[in-house]
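Residue numbers (the numbering used here): 1 to 333.
These notes are about the structure you will find just below.
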């Protein structure tokens, strides 16, 4: 069981009545707290929770519209996202308790100070390298407008300016990261058939593909609800149409693709984790047609070429700069 869940269960007597667990891990916590309901924005965790606890977990960027007697927020990595989530929960809990749990190395002590906006916070427990804090909501905020928190910026592309819309918690919130910038400059020469932006984030790559290859069928895939909504907003801001898909990894991608483009994710919470990237490389051939291309950008120190050649075919380095490389390989027939 997740260490944060273990800390909660050390104080299980506090959690009676209808309880909302926001950002909960996909462990047995809902089984241990039978009156609790989950709210997840991670599609993979939501799928695992829904399989074990049907109708007891909600997926999306907004809390479920139902009454709760208390809520627990599992601290996310992003401070901007934590701000939004705390305000969303506090607005629904006048006079009721809000709990915050997180790992010490994830910044729980700093984040706990944010609770003072809504009352007087107090630390309840510290164990398993995690802490549990509580505040009774006596300063009730307004419900936050998520769209008002979006950051917008413009990219000057060959086809004209592209407006990018990103929500709190989305990778590289409010700016273009160096890896995506390098990949954006090397999107020529693709077969304009069925193209996938894997780990789409705010939709920069997917929107650019649709702008450049107007006749192509473009898909944008991500595991995170805030990323999915950001991608949809980016497409709408530029008058583009593409299919935005929720899924946990490349296994959720459609088949018979002519190209998979990606600046693949490498974080899970506060930890660095290359599993999704390596699984993408290992499984891309099952989603590409014969001759279809995987084109991705990655940190130059990662030994991806050998892995790519093992699963797809000869790997070419299309570009290098800023500590990143763009790799390309076509599926063998």
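All C-beta atoms in this analysis are idealised placements derived from N, C-alpha and C, irrespective of residue type, glycine included.
Being a predicted model, the structure only gives us computed values, none of them experimental.
Below 8 Å on the Cβ atoms is my guess for residue i versus residue j; work out the distance and round it to an integer in Å.
{"i": "residue 261", "j": "residue 197", "result": "6 Å"}
{"i": "residue 257", "j": "residue 287", "result": "5 Å"}
{"i": "residue 29", "j": "residue 21", "result": "6 Å"}
{"i": "residue 99", "j": "residue 132", "result": "6 Å"}
{"i": "residue 35", "j": "residue 17", "result": "6 Å"}
Give me, in chain order, the residues of the same chain whose beta-carbon lies closer than 6 Å to that of residue i; leave out the 5 immediate sequence neighbours on both sides.
{"i": "residue 63", "result": "39, 88"}
{"i": "residue 234", "result": "164, 165, 202, 203, 207"}
{"i": "residue 140", "result": "94"}
{"i": "residue 138", "result": "119"}
{"i": "residue 321", "result": "182"}
Looking only at DSSP bridge pairs, what is residue i linked to?
{"i": "residue 41", "result": "In DSSP, residue 41 forms no bridge with anything."}
{"i": "residue 131", "result": "102, 126"}
{"i": "residue 244", "result": "220"}
{"i": "residue 58", "result": "39"}
{"i": "residue 97", "result": "136"}
{"i": "residue 298", "result": "325"}
{"i": "residue 157", "result": "160"}
Classify residue i as helix, strand or coil using the three-state DSSP reduction.
{"i": "residue 82", "result": "helix"}
{"i": "residue 32", "result": "helix"}
{"i": "residue 63", "result": "coil"}
{"i": "residue 260", "result": "strand"}
{"i": "residue 92", "result": "coil"}
{"i": "residue 24", "result": "coil"}
{"i": "residue 252", "result": "helix"}
{"i": "residue 18", "result": "coil"}
{"i": "residue 50", "result": "helix"}
{"i": "residue 70", "result": "strand"}
{"i": "residue 148", "result": "helix"}
{"i": "residue 271", "result": "Only weak support exists for where residue 271 lies, its pLDDT of 46 falling under 50; the coordinates are left without a value."}
Let's see if you can read the secondary structure: which residues bound the beta strand (DSSP E) around residue i?
{"i": "residue 220", "result": "217-222"}
{"i": "residue 320", "result": "316-321"}
{"i": "residue 161", "result": "160-166"}
{"i": "residue 197", "result": "194-198"}
{"i": "residue 325", "result": "324-330"}
Quick one: give me the first and last residue of the alpha helix (DSSP H) that residue i is part of.
{"i": "residue 230", "result": "225-237"}
{"i": "residue 114", "result": "Premise fails: residue 114 is in no alpha helix (DSSP H) and is neither H nor E."}
{"i": "residue 275", "result": "275-283"}
{"i": "residue 10", "result": "3-10"}
{"i": "residue 183", "result": "178-184"}
{"i": "residue 306", "result": "304-311"}
{"i": "residue 204", "result": "204-212"}
For residue i, collect the residues of the same chain with a Cβ closer than 7 Å to its Cβ; drop the 5 residues on either side in sequence, then sort them by chain order.
{"i": "residue 314", "result": "329"}
{"i": "residue 174", "result": "151, 153, 166"}
9 Å is my cut-off, CB to CB: does residue i come that close to chain E?
{"i": "residue 261", "result": "Within the model displayed, chain E is absent; a lone protein chain is all it includes."}
Using a Cβ-Cβ cut-off of 8 Å (strictly less than) and excluding sequence neighbours within five positions of residue i, which residues of its own chain qualify?
{"i": "residue 331", "result": "284, 285, 288, 289, 290, 291, 292, 293, 294, 312, 313"}
For the ligand ATP, I want to know if residue i counts as a neighbour, meaning its beta carbon is within less than 8 Å of at least one of the ligand's heavy atoms.
{"i": "residue 152", "result": "By its list of ligands, the structure shown contains no ligand whatsoever, and the ligand ATP lies outside what it can speak to."}
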